[in-house]
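Chemist: The structure follows.
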Amino acid sequence: MPFSTPAALGRGVIVLGDGTIPPAWADAAVVDIDAEAVRSPRAVVTHLHQAWITRTPIVVRLLVDPATFREPRAFLVEPWEAGARFEPLLDRLHFLVWANNVDARTDKPVWWWTRKAERLGATPCATDDGDILLPDGRPAWVDGGLRDLLPPELGLIVHRESVDLNRLTVVPPALAPTAELAADQLAAVAHGGGPARIIAPAGSGKTRVLTERLRVLHVQRAYEREATIAVAYNVKARAEMESRCVDFRPHVRTLNAYGQSLLNDALGRLTVLDEREVRRIVEGLVEIPVSRRRSNTDPLAPYLEALSLTRMALRDPDAVEAERDDIPGFGALFPRYRELLKDRGALDFDEQIYRTIEVLLANGAFRTEAQRACRHLLVDEFQDLTPAHVLMLRLLSLPELDCFGVGDDDQVIYGHAGADPQFLLEFDLLFPGATPYALEVNYRCAEPIVSAARTMLGYNQVRIAKEIRPGPDASTDIRSFEVTKAGTEQLIRGVVDQVQSWIAEGVPASNIALLTRVNAQL
1 MPFSTPAALG
11 RGVIVLGDGT
21 IPPAWADAAV
31 VDIDAEAVRS
41 PRAVVTHLHQ
51 AWITRTPIVV
61 RLLVDPATFR
71 EPRAFLVEPW
81 EAGARFEPLL
91 DRLHFLVWAN
101 NVDARTDKPV
111 WWWTRKAERL
121 GATPCATDDG
131 DILLPDGRPA
141 WVDGGLRDLL
151 PPELGLIVHR
161 ESVDLNRLTV
171 VPPALAPTAE
181 LAADQLAAVA
191 HGGGPARIIA
201 PAGSGKTRVL
211 TERLRVLHVQ
221 RAYEREATIA
231 VAYNVKARAE
241 MESRCVDFRP
251 HVRTLNAYGQ
261 SLLNDALGRL
271 TVLDEREVRR
281 IVEGLVEIPV
291 SRRRSNTDPL
301 APYLEALSLT
311 RMALRDPDAV
321 EAERDDIPGF
331 GALFPRYREL
341 LKDRGALDFD
351 EQIYRTIEVL
361 LANGAFRTEA
371 QRACRHLLVD
381 EFQDLTPAHV
391 LMLRLLSLPE
401 LDCFGVGDDD
411 QVIYGHAGAD
421 PQFLLEFDLL
431 FPGATPYALE
441 VNYRCAEPIV
451 SAARTMLGYN
461 QVRIAKEIRP
471 GPDASTDIRS
481 FEVTKAGTEQ
491 LIRGVVDQVQ
501 SWIAEGVPAS
511 NIALLTRVNA
521 QL
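Listed below in structure tokens is the structure:
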């Protein structure tokens with residue numbers, strides 16, 4: 001029976017409130033699931049998750065009917081009311097109670113993954129060599145724990161995720177990544193399982209780490225393609241990732257395309273409006289006084305900015321209006337604008353994210369189905385995620401919250417839309433149990449540039465302490481020039497003369513970058 005399983009699998013046990021705890025768990029911690037735990041589940045969920053992710057056996061004592069937390073709840077709230085850190089805790093409670101615990105509520109203990117595997121052609125194993133006999137007669141354990149690297153001496157393993165997808169895929173032996181990687185890159189790529197935060201300063205090879213991690217998951221560890229997704233920030237980044245993975249073709253989506261596909265599944269195909277049509281709708285909802293229709297100004301731009309701020313930064317529209325003097329009536333405009341879009345079966349760019357969140361919150365059954373395709377989530381440019389992006393991805397990665405997030409808190413460029421380095425700093429709160437990794441070598445820049453950048457970034461007040469070193473082949477030769485006590489015209493003339501001089505010496509124009517404080521100088 002399931003009581004004789006190897007300790008390395010970390011299985012717990014479920015008993016009724018007045019039931020006897022089996023001797024195998026006599027020393028295990030007891031977690032009570034009572035009415036209070038269902039009303040306020042955070043503390044219990046935190047305890048259960050820690051036990052699950054560390055494979056620590058526990059006793060789950062049911063003091064309520066499990067049906068009270070079986071069905072995913074509906075949350076009929078605006079996403080901006082929920083906030084980036086919101087989570088439907090009962091989604092996680094249901095999963096954590098049943099994922100890796102033997103059901104001993106009756107005299108005949110049940111390991112439910114064996115029952116499910118039997119429907120796929122397995123038979124119960126009568127010895128202590130496994131839970132099931134595969135169709136070819138080999139014994140195997142069905143693992144309900146975190147999908148990570150288990151000791152090979154356990155024998156054959158079939159993971160519950162495969163069974164959930166109606167397969168009896170045997171977990172292959174753990175192999176080292178085949179790509180030639182630096183030690184810091186290799187550590188991240190070879191990560192065992194569960195969430196991980198990879199801090200990747202500029203030029204440290206973050207895209208390669210992401211694509212090689214995908215290769216490890218799909219090619220070496222046989223993770224199912226339909227349960228793993230990589231999210232790129234934009235189309236160019238997605239194309240770059242796909243070009244490096246043509247031999248195994250993982251699922252790679254931009255954030256907006258991901259949201260669009262989910263909405264198409266939930267609501268049918270929706271039309272995406274261009275900016276001109278969006279402006280036409282907004283113009284019909286506001287009255288612009290003649291005094292505001294000045295030349296060289298765009299009276300609609302503040303309203304478009306406010307729409308984006310409310311939906312991507314998850315801000316109260318009334319609060320957004322109160323902070324500005326150029327969007328009168330915006331608090332009332334916001335719901336009217338969204339209703340007009342719904343009536344037309346249409347979306348704009350931000351609505352691809354915002355409405356996706358709204359549907360995931362309101363439709364528990366759809367949320368559960370969408371989560372099946374996001375058991376393992378890989379995220380590029382994590383530092384540029386807005387609160388809306390964070391909320392959407394967390395809802396999708398539930399209940400395991402298995403996210404491989406790559407980013408650099410020193411490179412936040414979408415702060416105006418709510419992107420916040422705090423999300424990277426608090427990664428292990430968003431994705432509990434996350435393992436931190438840090439890439440430390442900048443392979444792109446000369447040593448003096450790396451040194452100067454390291455010094456300058458050290459003044460950032462909100463950042464993760466990090467080491468940034470030049471690559472082994474980094475040049476120490478850097479050309480610079482200085483113009484002092486010069487007006488704008490002399491400064492520009494000096495820059496032009498210097499660039500022309502470099503090009504005359506044979507320096508490729510593509511190796512020269514011009515940075516100015518204002519566009520006028522360009």
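For the sequence shown, the positions run 1 to 522 when this note's numbering is used.
Idealized CB from N, CA, C, for every residue including glycine.
1) Using a Cβ-Cβ cut-off of 7 Å (strictly less than) and excluding sequence neighbours within five positions of Leu285, which residues of its own chain qualify?
2) With C-beta atoms as the reference, is Ala8 less than 8 Å away from Leu154?
3) Where does Thr233 sit, in a helix, a strand or coil, going by DSSP?
4) Specify, as a first and last residue, the run of the alpha helix (DSSP H) that Ile464 falls within.
5) Mapping DSSP to helix, strand and coil, what is Leu340?
6) Compare the Cα-Cα distances from Glu400 to each of Gly83, Val235, Gly329 and Leu89 and report the closest residue.
7) Ignore the nearest five residues each way along the sequence and tell me which others in Leu150's own chain have a CB closer than 8 Å to its CB.
8) Three or more C-beta pairs under 8 Å: does that hold for the region 175-187 against the region 403-423?
9) Does DSSP classify Thr455 as helix, strand or coil?
10) Going along the chain, which residues of its own chain have a beta-carbon closer than 6 Å to the beta-carbon of Arg197, five neighbours each way excluded?
11) Work out the CA separation of Gly17 and Val209 for me, nearest whole Å.
12) Excluding sequence positions up to five away, which residues of its chain have a Cβ less than 7 Å from the Cβ of Gly203?
13) Span of the beta strand (DSSP E) holding Arg215?
14) Quick check: the region 66-74 against the region 348-366, are there 3 or more CB pairs under 8 Å?
15) Taking the CB atoms as reference points, tell me whether Thr368 and Gly259 lie closer together than 8 Å.
16) Once the 5 residues before and after Val59 are set aside, which same chain residues still bring their CB inside 6 Å of it?
17) Enumerated in chain order, which unbroken segments of the beta strand (DSSP E) with a length of 3 residues or greater are wholly contained in the region 127-199?
18) Would you give the residue range spanned by the beta strand (DSSP E) that Arg311 belongs to?
19) When we look at the beta-carbon of Met312 and count the other beta-carbons within 10 Å, is it buried (16 or more) or exposed?
20) Quick check on Gly364: does DSSP put it in helix, strand or coil?
21) DSSP beta-bridge partners for Asp32?
22) Can the beta-carbon of Pro195 be found closer than 8 Å to that of Asp402?
23) Taking the alpha carbon of Asn256 as the point to measure from, which residue in Glu240, Asp348 and Leu429 has its own alpha carbon closest?
24) Would Pro581 pass as a contact of Arg11 if the rule is Cβ separation under 8 Å?
25) Please state the DSSP three-state secondary structure of His251.
26) Where does Pro23 fall in DSSP's three states?
27) Quick one: what's got a C-beta closer than 8 Å to Thr123's C-beta in the same chain, skipping five residues either side?
28) Excluding the 5 residues flanking Gln411 on each side, which residues of the same chain have their C-beta closer than 7 Å to its C-beta?
29) Pick helix, strand or coil for Phe404, following the three-state DSSP scheme.
30) Using the beta-carbon count (16 or more within 10 Å), is Pro41 buried or exposed?
31) Give the single residue among Val495, Trp113, Leu120 and Arg119 whose Cα lies nearest to the Cα of Gly130.
32) Does the Cβ-Cβ distance between Ala168 and Ala117 come in under 8 Å?
33) Give me the Cα-Cα distance between Ala465 and Leu146, rounded to the nearest whole angstrom.
34) Which of the three DSSP states is assigned to Val102 in this structure?
35) Report the three-state DSSP secondary structure of Tyr560 (helix, strand or coil).
36) Would you list the one or two residues that DSSP bridges to Gly12?
Modeler: By the coordinates alone:
1) To locate residue 285, count along the sequence shown from 1; it is residue 285. The answer, listed in chain order, is Leu333, Arg336 and Tyr337.
2) Your numbering for residue 8 matches position 8 in the sequence shown. Your numbering for residue 154 matches position 154 in the sequence shown. Between Ala8 and Leu154, the C-beta gap is smaller than 8 Å, which places the two residues in contact.
3) If you number the sequence shown from 1, residue 233 lands on position 233. A quick correction: the sequence has Tyr, not Thr, at residue 233. Reduced to three states, the DSSP call for Tyr233 is coil.
4) If you number the sequence shown from 1, residue 464 lands on position 464. DSSP places Ile464 in no alpha helix (DSSP H); its state is neither H nor E.
5) Locating residue 340 in the sequence shown gives position 340, where the first residue counts as 1. Helix.
6) Residue numbering aside, residue 400 sits at position 400 when the sequence shown is read from its first letter. Selected option, being the one with the closest Cα: Leu89.
7) Within the sequence shown, numbered from 1, the residue matching residue 150 stands at position 150. Ala8, Leu9, Asp143, Ile157 and Val171, listed in sequence order.
8) Contact annotation: the region 175-187 does not touch the region 403-423, with fewer than three C-beta pairs closer than 8 Å.
9) What you label residue 455 is simply residue 455 of the sequence shown in a count that begins at 1. Residue state, collapsed to three classes: helix.
10) Within the sequence shown, numbered from 1, the residue matching residue 197 stands at position 197. Excluding positions up to five away in sequence, the list reads Gly405, Phe427, Ala434 and Pro436.
11) Residue 209 sits at position 209 when you count from the first residue of the sequence shown. Residue 17 sits at position 17 when you count from the first residue of the sequence shown. If you take the alpha carbons of Val209 and Gly17, they lie about 48 Å apart.
12) The sequence position of residue 203 within the sequence shown is 203, counting from 1. These residues qualify, in order along the chain: Asn442, Tyr443, Arg444 and Cys445.
13) Sequence index remark: in the sequence shown, residue 215 carries index 215 (1-based). Where Arg215 is concerned, there is no enclosing beta strand (DSSP E), although the alpha helix (DSSP H) it sits in stretches over Lys206 to Arg215.
14) Touching, yes.
15) Your numbering for residue 368 matches position 368 in the sequence shown. Your numbering for residue 259 matches position 259 in the sequence shown. The beta carbons of Thr368 and Gly259 sit no closer together than 8 Å.
16) Counted from its first residue, the sequence shown places residue 59 at position 59. Excluding sequence neighbours, Val59 sits near Val13, Ile21, Trp25, Ala28 and Val30.
17) Within the region 127-199, the runs of beta strand (DSSP E) at least 3 residues long that lie entirely inside it are, in chain order, 139-143, 156-159 and 196-199.
18) As a position in the sequence shown, residue 311 is number 311, starting the count at 1. First-last for Arg311: Ala301 to Met312, but that is the alpha helix (DSSP H), not the beta strand (DSSP E).
19) As a first step, residue 312 is located in the sequence shown; it is residue number 312 there, counting from the start. So Met312 ends up on the buried side.
20) In the sequence shown, residue 364 corresponds to position 364, counting from 1. Reduced to three states, the DSSP call for Gly364 is helix.
21) For this step, residue 32 is matched to residue 32 along the sequence shown. Arg61, per the DSSP bridge assignment.
22) Against the sequence shown, residue 195 aligns to sequence position 195. Against the sequence shown, residue 402 aligns to sequence position 402. Yes, they are a contact pair.
23) For the purposes of this step, residue 256 is taken as residue 256 along the sequence shown, with counting starting at 1. Checked all of Glu240, Asp348 and Leu429; the closest Cα to Asn256 is Asp348.
24) This structure gives no information on residue 581, because the portion of the chain shown stretches from 1 to 522.
25) Within the sequence shown, numbered from 1, the residue matching residue 251 stands at position 251. Correct three-state label for His251: coil.
26) Residue 23 sits at position 23 when you count from the first residue of the sequence shown. Assigned with DSSP and collapsed to three states, Pro23 falls in helix.
27) Position 123 of the sequence shown holds residue 123. The answer, listed in chain order, is Ile132 and Leu133.
28) On the sequence shown, residue 411 is found 411 positions in, with the first residue counted as 1. Same-chain partners within the cutoff: Ala202 and Gln383.
29) The residue you call residue 404 lines up with position 404 of the sequence shown. Under the three-state reduction of DSSP, Phe404 is assigned to strand.
30) Taking the sequence shown and counting its residues from 1, one reaches residue 41 at position 41. Buried is the call here.
31) Stepping through the sequence shown from its first residue, residue 130 is reached at position 130. Checking every option, the nearest Cα to that of Gly130 belongs to Trp113.
32) As a position in the sequence shown, residue 168 is number 168, starting the count at 1. As a position in the sequence shown, residue 117 is number 117, starting the count at 1. According to the sequence displayed, residue 168 carries Leu and not Ala. A distance below 8 Å separates the beta carbons of Leu168 and Ala117.
33) In the sequence shown, counting from the first residue as 1, residue 465 sits at position 465. In the sequence shown, counting from the first residue as 1, residue 146 sits at position 146. Distance between the alpha carbons of Ala465 and Leu146 is about 29 Å.
34) Locating residue 102 in the sequence shown gives position 102, counting from the first residue. In the three-state DSSP reduction, Val102 falls in the strand class (E or B).
35) Missing from the structure shown is residue 560; the chain here goes from 1 to 522 and no further.
36) As a first step, residue 12 must be located in the sequence shown, where it is residue number 12. Looking at the DSSP assignment, Gly12 forms a beta bridge with Asn101.
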